[in-house]
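> If you count the sequence shown from 1, you need to add 196 to reach our numbering.
From the three backbone atoms N, C-alpha and C, an ideal C-beta is built for every residue, glycine too.
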Amino acid sequence: MPSRILLSDDDPVLLASLAEQLSQDAAHDVTCAPTAEEAIAAAQAAPFAIAVIGHAGAAGLALAQGLRAANVACPILLLTDDAAPKNPGFECLARPFRFASLLARIHALTTHHAADGDAAVRIGPYTFHPSAKLLQAAGRKVRLTEKETNILKFLHASAGTVPRETLLHEVWGYGPAVATHTLETHIYRLRKKIEADPGRAQILLTEGGGYRLSA
């Protein structure tokens, strides 16, 4: 699956040029956002592997802070000029840079983030913090049990629908012959916590004999 990159720069020429170069690699799926407002809206609408921000000076830092304030959990890489101050909490790559250097930094950040099983990720409207057993969205906090946390972790890490038997085995360690009522009970309780209408699930979906998270 291509790595989804959010790219934001207020210079349309640079934005288009960088997007074209990144898109030449089939491993990248690039979404362009010329303004800070568009970048934040895009990041809230769907999860990204990384956000690359090219806005100059204070505008770039403000956008990075805005993304974090909006509970966007992916790594953020600021493309700065030599005179730019240090920005604690965000990665920086100073201009001018070689495109190969940018690719290497993107790869390093996304790989490290994906390898960290406790890294915060997006699930629907929520930011999911596995280590804290917590979902957070718009000031709302949803506390999770250990099993609920592990269900969401495994579904998020999986591409597509996970069969009930597979999920039961991964979370509980049961064999495929064991009845799935334990899993279904946990799914029911989890939906009551995270869905606006548990009877019409929009986040934790039943599909093809298993479960998946909405895109």
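1. Would you call T307 buried or exposed, if buried means 16 or more other Cβ atoms sit within 10 Å of its Cβ?
2. In whole angstroms, what is the alpha-carbon distance linking G404 and T357?
3. DSSP three-state label for F324, please.
4. Residues in its own chain within less than 7 angstroms of V226 by CB, not counting five upstream and five downstream?
5. Three-state secondary structure (DSSP) at T345?
6. Give the range of the alpha helix (DSSP H) segment to which L218 is assigned.
7. Ignore the nearest five residues each way along the sequence and tell me which others in E344's own chain have a CB closer than 8 angstroms to its CB.
8. Along the chain, which unbroken stretches of the alpha helix (DSSP H) at least 4 residues long are found entirely within the stretch 236-273?
9. Please state the DSSP three-state secondary structure of R396.
10. For R318 and F324, what's the separation of their Cα atoms in angstroms?
11. Given A239, which residues of its chain have a CB within under 8 angstroms of its CB, disregarding the five upstream and five downstream residues?
12. What is the DSSP secondary structure of S199, reduced to helix, strand or coil?
13. Quick check on the burial criterion: 16 or more other C-beta atoms within 10 angstroms. Buried or exposed for T341?
14. Could you pull the start and end residues of the beta strand (DSSP E) that T227 belongs to?
15. Check Y407 in the structure and name its three-state DSSP category.
On the basis of the coordinates in this document:
1. By the neighbour-count rule (16 or more Cβ atoms within 10 Å), T307 is not buried but exposed.
2. Their Cα atoms are separated by approximately 7 angstroms.
3. In this structure, DSSP gives F324 an extended state, which the three-state scheme calls strand.
4. Closer than 7 angstroms at the Cβ level, and outside the excluded window around V226, lie I201, L203, A215, L218 and S219.
5. DSSP places T345 in helix when its eight states are reduced to three.
6. Element bounds for L218: P208 to S219.
7. Closer than 8 angstroms at Cβ, skipping near neighbours: K329, H382, R385, L386 and K389.
8. Counting only unbroken stretches of 4 or more residues, the alpha helix (DSSP H) elements lying wholly within the stretch 236-273 are 253-265, in sequence order.
9. Reduced to three states, the DSSP call for R396 is helix.
10. Those two C-alpha atoms are separated by around 6 angstroms.
11. Once the five neighbours on either side are set aside, the close Cβ partners of A239 are L202, A247, L263, A266, V268 and C270.
12. Reduced to three states, the DSSP call for S199 is strand.
13. Burial call: exposed.
14. H224 to A229 is the span of the beta strand (DSSP E), which, as asked, contains T227.
15. Strand, per DSSP.
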